[in-house]
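Numbering (the numbering used here), first residue to last: 47 to 117. Okay, so here's the structure we're looking at.
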Amino acid sequence: MVIGLHADRRSVQARARAKGMKIFSIDPEGLMENGTFKERPIEGVREGDTIVRSEATPALQRLCKILDVTL
47 MVIGLHADRR SVQARARAKG MKIFSIDPEG LMENGTFKER PIEGVREGDT IVRSEATPAL
107 QRLCKILDVT L
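What follows is the structure in structure tokens.
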């Protein structure tokens, strides 16, 4: 699991793909700007990647619940 910013993503994905690892991204694919949601699709997505369209905190809290991990 890697938590990082947009600029980190491409190099992390490349290293993971080279090792045959699965790519799983949590990203709302956009941001709120002046009260309006502006879509910004994830760059470099490939077939077979898993994308969870959510902000990180609620998505990670849900994952902890699924895995029965206490925060």
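All C-beta atoms in this analysis are idealised placements derived from N, C-alpha and C, irrespective of residue type, glycine included.
Cβ-based neighbour list, residue i, same chain, cut-off 7 Å, excluding 5 preceding and 5 following
i, result
"Ala-160", "Nothing in the structure corresponds to residue 160, since the chain is present only between 47 and 117."
8 Å Cβ shell around residue i - same chain, five flanking residues per side excluded
i, result
"Ala-105", "Ile-72, Val-98"
"Gln-59", "Ile-69, Gly-90"
"Leu-117", "Gln-107, Cys-110"
"Lys-65", "none"
"Thr-82", "none"
Between the region 96 to 105 and the region 69 to 80, do three or more beta carbon pairs fall short of 8 Å? yes
Is the region 55 to 62 in contact with the region 79 to 92, if contact means three or more CB pairs nearer than 8 Å? yes
Give the list of continuous beta strand (DSSP E) stretches no shorter than 3 residues that lie fully inside the region 50 to 116. Residue ranges of uninterrupted beta strand (DSSP E) with 3 or more members, entirely inside the region 50 to 116 and ordered along the chain, are 70 to 72, 76 to 79, 82 to 85, 96 to 98.
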